[in-house]
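For reference, the structure discussed in these notes is given below.
Residue numbers (my numbering): 37 to 127.
Laid out in structure tokens, this is it:
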């Protein structure tokens, strides 16, 4: 039987609480990196990371699709945008 491979966590312990890295999309398209902390457990920090990552990806898709200069939008990204921003809001 092989050893169970341990997944690297997105959370880290620092100054008596759990943290995770963040990405924020600025108006000029630049990504600003930071960290968010104050979580009492690794699981809370990881859940917050996943939520922040989903929000960042949604904003990134929205900006890419609204940018008139960006012609290289993947069809998959357009479909996700259309489903979340157009179709889902109608229902």
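Even for Gly, the Cβ is constructed at its ideal location relative to N, Cα and C.
How long is the line joining the alpha carbons of residue i and residue j, rounded to whole angstroms?
i: residue 79; j: residue 56; result: 11 Å
i: residue 49; j: residue 75; result: 9 Å
i: residue 97; j: residue 121; result: 11 Å
i: residue 65; j: residue 44; result: 29 Å
For residue i, which residues from the same chain have a beta carbon less than 8 Å from its beta carbon, with the 5 sequence-adjacent residues on both sides left out?
i: residue 62; result: 68
Within its chain, find whatever has a CB closer than 6 Å to the CB of residue i; leave out the 5 residues flanking it on each side and keep chain order.
i: residue 85; result: 46, 56
i: residue 123; result: none
i: residue 73; result: 53, 55
In three-state DSSP terms, what is residue i?
i: residue 67; result: strand
i: residue 72; result: strand
i: residue 115; result: helix
i: residue 41; result: Any reading at residue 41 must be qualified, since the residue scores a pLDDT of 46, below 50, and its modelled position is unreliable; the value itself is stated next. Coil at residue 41, not helix or strand.
With DSSP as the reference, identify every bridge partner of residue i, one or two as the case may be.
i: residue 61; result: 67
i: residue 90; result: According to DSSP, which records beta bridges pairwise, residue 90 is partnered with nothing at all.
i: residue 48; result: 55
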